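In what follows, a single structure is set out as structure tokens and then discussed.
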Amino acid sequence: MSRPILWASAAVALASQAYGADRTDTPFTVIGSAPRICAVSDPVLTSGALMNFQSLNGTSLQISELADPKTLATNAAQATVSFNAVCDYPHQVILESQNAGLYRGGGVASAPPRGFADGVPYSVQLAWGPVVHRLFVPATTRQVVQDRVVAPQAIAGTLQLQISIQAGASNLTANAPLIAGDYSDTLRVTLEPQ
3 MSRPILWASA AVALASQAYG ADRTDTPFTV IGSAPRICAV SDPVLTSGAL
53 MNFQSLNGTS LQISELADPK TLATNAAQAT VSFNAVCDYP HQVILESQNA
103 GLYRGGGVAS APPRGFADGV PYSVQLAWGP VVHRLFVPAT TRQVVQDRVV
153 APQAIAGTLQ LQISIQAGAS NLTANAPLIA GDYSDTLRVT LEPQ
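Letter by letter, the sequence shown follows residues 3 to 196 of our numbering.
Laid out in structure tokens, this is it:
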């Protein structure tokens with residue numbers, strides 16, 4: 003009985019050697035590339051970091067009460083807005099204020115009466131991976147204010163902007179009353195190649 007088993011094992015060994023002698027290897031390379039991309043999601047208002055802001059509607063952040071109803075001076079306000087973001091290569095972050103402050107009427111308007119302010123300065127604190135930067139928007143002249151910050155590596159995660167308005171801040175003097183009207187600015191955050 004043991005003889006047939008030995009013979010079968012020898013036959014299997016010979017068959018595998020013959021197969022190996024007839025086999026040829028054909029190596030091939032698989033190649034792919036990931037495109038250089040930066041992507042940023044829609045903004046989300048971070049809960050728990052809100053003072054005198056009422057909502058984020060799409061891409062519009064609404065201040066609850068810009069002026070104190072008794073003094074008409076600017077009320078303090080603070081909000082943190084978060085974006086899910088990814089940039090798969092070293093890049094730069096551009097923070098830009100279109101008006102250089104919150105201005106009455108959004109664009110160019112007539113000068114306010116003497117003693118009244120029509121602009122509100124604010125600051126924006128950026129936190130993006132290892133990048134931390136503060137942009138001060140002075141509300142001294144309506145113009146584009148822009149800062150560029152280098153992000154020396156690929157980053158994926160949460161990009162945060164903390165927007166802060168100081169109590170009494172204005173483009174005239176501290177605690178100057180604000181002239182009635184709608185105040186706005188367009189704040190942009192851009193991720194792009196260095």
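C-beta atoms are modelled at their ideal positions from N, C-alpha and C, and glycine is treated no differently. Small disclaimer: the values here were computed from a predicted structure and weren't measured.
Margin query: Please return the same chain residues whose Cβ sits closer than 7 Å to the Cβ of G170, not counting the five positions on each side in sequence.
Written below: Apart from sequence neighbours up to five positions away, the residues of its chain that approach G170 with a beta-carbon distance below 7 Å are A75, T76, A176 and N177, ordered along the chain.
Checklist line | Alpha-carbon spacing of S66 relative to V46, whole angstroms | finding: C-alpha separation (whole angstroms): 17 Å.
Next item on the list: Decide yes or no for the touch test of the segment 114 to 125 against the segment 81 to 92: beta carbon pairs closer than 8 Å, at least 3 of them.
Entry: Between the segment 114 to 125 and the segment 81 to 92 there are fewer than three C-beta pairs closer than 8 Å, too few to call the two in contact.
Check: What did DSSP end up calling D24 once you bin it into helix, strand or coil?
Finding: DSSP places D24 in helix when its eight states are reduced to three.
Checklist line | Of the listed residues T142, P71, D70 and N54, nearest to L63 (C-alpha basis) | finding: Nearest C-alpha to L63: N54.
Next item on the list: Per DSSP, which residues does Y185 bridge with? Please list them.
Entry: DSSP links Y185 through a beta bridge to R106.
Notebook entry, point to check: Does DSSP put V139 in a helix, a strand or coil?
Noted result: V139 falls in the strand class under three-state DSSP.
Item checked: Where Q94 sits in the DSSP three-state scheme -> When DSSP states are grouped into helix, strand and coil, Q94 belongs to the strand group.
Note to self: So for I165, helix, strand or coil by DSSP?
What the structure shows: Looking at I165 - three-state DSSP - the assignment turns out to be strand.
Checklist line | Buried versus exposed, by CB contacts within 10 Å (16 or more), S112 | finding: Per the 10 Å Cβ criterion, exposed.
Notebook entry, point to check: Should A79 go down as buried or exposed, given a rule of 16 or more other Cβ atoms within 10 Å for buried?
Noted result: Burial call: buried.
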